[in-house]
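Shown next, in structure tokens, is the structure this report addresses.
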Amino acid sequence: MNATTRFCARIVGTGMYVPEKVLTNADLEKRIDTSDEWIRTRTGISERRIASKEESSSVLGLHAARAALKDAGLEASEVDMIIVCTSTPDVLFPATACFVQRELRASRAAAYDVSAVCSGFVYGLSIAEQYLKSGRYRHILVIGAEVNSRIVDWDDRSTCILFGDGAGAVVLRREEVAEPVGVLSTHIYSDGSLSELIHVPGGIGLNGFSGGAIDPKQYCIHMMGNQTFKVAVKRMSEVCREALAFNGMEVDAVSLVVPHQANQRIIDAVTEKLAIPAGKVYVNIHKYGNTSAASIPIALCEAREAGRIGEGDLVLLSVVGAGLTWGAALLRW
Ligand code: COA
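Heads up: the sequence shown begins at 18 in our numbering, then just goes up one per residue.
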């Protein structure tokens with residue numbers, strides 16, 4: 018590296034995978050007291066994908082990772098680190114990332130999971146950014162993979178309509194360039210005092226499995242929808258503004274916003290606050306619902322394949338998730 022160049026962390030490959038099985042709003046109408054009209058107007062969701070019994074987060078993540086590696090033209094043996102962002106890991110341990118590493122035969126990669134729920138991908142991207150910009154590693158695979166259908170209470174109409182399964186992945190490469198490209202900055206935050214807004218109360222560390230029967234509902238998503246909605250809009254718009262200001266950029270410079278796909282009305286409220294026209298926002302929530310950590314990398318992959326992202330474009334990612342966690346990333350493609 019000479020005095021005029023610097024290390025950048027650039028996305029050079031994207032991939033995604035969603036299970037074949039589609040669960041439509043009409044299907045949900047048969048199980049719970051809801052309607053397609055209610056779900057579409059309150060959330061923007063028409064259908065979501067549901068993993069088969071054999072499809073765990075590592076299986077979905079592996080498909081997405083292979084697609085991203087192919088897109089990047091990279092061998093798995095060249096990957097230095099695999100980060101799987103998930104809140105539905107295959108097992109308590111080892112990390113889901115280790116199963117992906119095994120199947121890819123990524124022989125020299127470190128592998129671990131990041132648990133930041135829906136914010137996971139932006140958290141993972143932030144970690145990758147540091148390792149690449151410091152010069153420590155050359156190639157990092159960041160995967161968001163979720164089987165939310167396994168932790169949804171199918172009797173709870175206020176949550177089961179929202180979530181879906183899927184995986185998305187990106188390959189990041191360290192490059193030496195004169196002008197900053199790739200991940201310009203990431204901004205991640207948390208507020209644990211809001212942990213009960215969205216949570217899965219069951220677990221191992223707090224209650225263990227000894228004594229008493231296990232209540233399956235404790236292993237499902239519990240959510241205060243209204244409060245989550247309000248804080249999501251506030252935090253996502255704040256952190257988007259921060260990412261732009263940090264880079265000395267105005268909102269007009271943004272080519273495409275790729276927000277976390279939690280609720281169409283959250284996306285609309287955030288982009289309205291930021292005065293970003295709807296045409297500059299990538300939305301696929303109608304097809305997949307909220308796929309948590311997989312939502313942004315799936316959307317990124319689709320946006321690229323649809324020609325919505327080109328070289329030199331400024332892309333803004335923003336997210337909120339359980340924890341509460343939230344974050345944004347600004348990318349020069
Ligand atoms: N079908 C029909 N009615 C439903 C329903 C469903 N699937 N789910 C809830 N309702 C009912 C409620 O029971 C309530 O009825 P009531 O007025 O008789 O009590 C009514 O609809 C309004 O409920 P409310 O919770 O106020 O609706 P809402 O407009 O806030 O929409 C969410 C609910 C969950 C869609 C919305 O709050 C939301 O999306 N919040 C954010 C959640 C989120 O994105 N979480 C993940 C963040 S990463």
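Yeah, the Cβ is synthetic: ideal placement off N, Cα and C, and Gly gets one too.
1. Is any heavy atom in the ligand COA found nearer than 7 Å to the beta carbon of Leu179?
2. Might you give, ordered along the chain, the residues of its own chain that have their beta carbon closer than 6 Å to the beta carbon of Glu192, omitting 5 neighbours on each side?
3. Please report how far the alpha carbon of Ala162 lies from the alpha carbon of Ser207, in whole angstroms.
4. So, under 8 Å CB-CB, Val117 and Leu142 are touching, yes? Tell me the CB distance rounded to an integer number of Å.
5. Taking the DSSP output, what are the residues bridged to Leu348?
6. For the ligand COA, I want to know if Gln342 counts as a neighbour, meaning its beta carbon is within less than 7 Å of at least one of the ligand's heavy atoms.
7. With a threshold of 7 Å on Cβ separation, who are the neighbours of His216 within its own chain once the five nearest residues in sequence on each side are excluded?
8. Cβ of Ser175 versus every heavy atom of the ligand COA: is any distance shorter than 7 Å?
9. Does the beta carbon of Val337 fall short of 7 Å from some heavy atom of the ligand COA?
10. When DSSP labels each residue in this structure, what does Gly324 get in the three-state scheme?
11. Ignore the nearest five residues each way along the sequence and tell me which others in Arg122's own chain have a CB closer than 8 Å to its CB.
12. Buried or exposed for Asn243, please, with buried defined as at least 16 other CB atoms from any protein chain shown within 10 angstroms of its CB.
13. So, Cys177 versus Ser312, is the Cβ gap smaller than 8 Å?
14. Is the beta carbon of Thr105 closer than 8 Å to that of Ser75?
15. Which residues in the same chain as Leu273 place their Cβ atom closer than 7 Å to its Cβ, once the five residues preceding and following it in sequence are excluded?
16. Assuming Ile302 and Gly61 make a contact with CB atoms under 8 Å, what is their CB distance in whole Å?
17. Per DSSP, which one or two residues make a beta bridge with Thr60?
18. Can you list, in chain order, the residues of its chain with a C-beta nearer than 7 Å to that of Gly306? Leave out the 5 residues immediately preceding and following it.
So, to answer that:
1. Taking the first residue of the sequence shown as position 1, residue 179 is located at position 162. Under cutoff, so the answer is yes.
2. The sequence position of residue 192 within the sequence shown is 175, counting from 1. For Glu192, where only same-chain residues beyond five positions count, the Cβ hits under 6 Å are Cys25 and Arg27.
3. One-based indexing of the sequence shown puts residue 162 at position 145. One-based indexing of the sequence shown puts residue 207 at position 190. Between Ala162 and Ser207, the C-alpha separation is close to 21 Å.
4. Looking up residue 117 in the sequence shown gives position 100. Looking up residue 142 in the sequence shown gives position 125. With a Cβ gap of about 17 Å, Val117 and Leu142 do not count as contacting.
5. Here residue 348 refers to the residue found at position 331 of the sequence shown. Looking at the DSSP assignment, Leu348 forms a beta bridge with Val200 and Val332.
6. One-based indexing of the sequence shown puts residue 342 at position 325. The residue you asked about is not Gln; residue 342 is Thr in the sequence shown. Incorrect: Thr342 has no Cβ contact closer than 7 Å to the ligand COA.
7. The residue given as residue 216 occupies position 199 in the sequence shown. Hits under 7 Å: His239 and Ala339.
8. Locating residue 175 in the sequence shown gives position 158, counting from the first residue. Yes, the beta carbon of Ser175 sits closer than 7 Å to at least one heavy atom of the ligand COA.
9. By 1-based counting over the sequence shown, the position of residue 337 is 320. Yes.
10. Against the sequence shown, residue 324 aligns to sequence position 307. Correct three-state label for Gly324: coil.
11. Along the sequence shown, one-based indexing puts residue 122 at 105. Within the same chain, Arg122 has close Cβ partners Ala93 and Ser94.
12. Looking up residue 243 in the sequence shown gives position 226. Under this definition Asn243 is an exposed residue.
13. Taking the first residue of the sequence shown as position 1, residue 177 is located at position 160. Taking the first residue of the sequence shown as position 1, residue 312 is located at position 295. Cβ distance not < 8 Å, so Cys177 and Ser312 don't count as in contact.
14. In the sequence shown, the residue the question calls residue 75 occupies position 58. In the sequence shown, the residue the question calls residue 105 occupies position 88. No, the pair does not count as a contact, with Cβ atoms beyond the cut-off.
15. Locating residue 273 in the sequence shown gives position 256, counting from the first residue. Once the five neighbours on either side are set aside, the close Cβ partners of Leu273 are Lys297, Tyr299, Ala320, Arg325, Ile326, Asp330 and Val332.
16. Position 285 of the sequence shown, counted from the first residue, corresponds to residue 302. Position 44 of the sequence shown, counted from the first residue, corresponds to residue 61. Yes, they are in contact, since the Cβ atoms of Ile302 and Gly61 sit about 5 Å apart, within 8 Å.
17. By 1-based counting over the sequence shown, the position of residue 60 is 43. DSSP lists no partner for Thr60.
18. Taking the first residue of the sequence shown as position 1, residue 306 is located at position 289. Correct list, in chain order: Ile62, Arg65, Leu179, Phe180 and Gly181.
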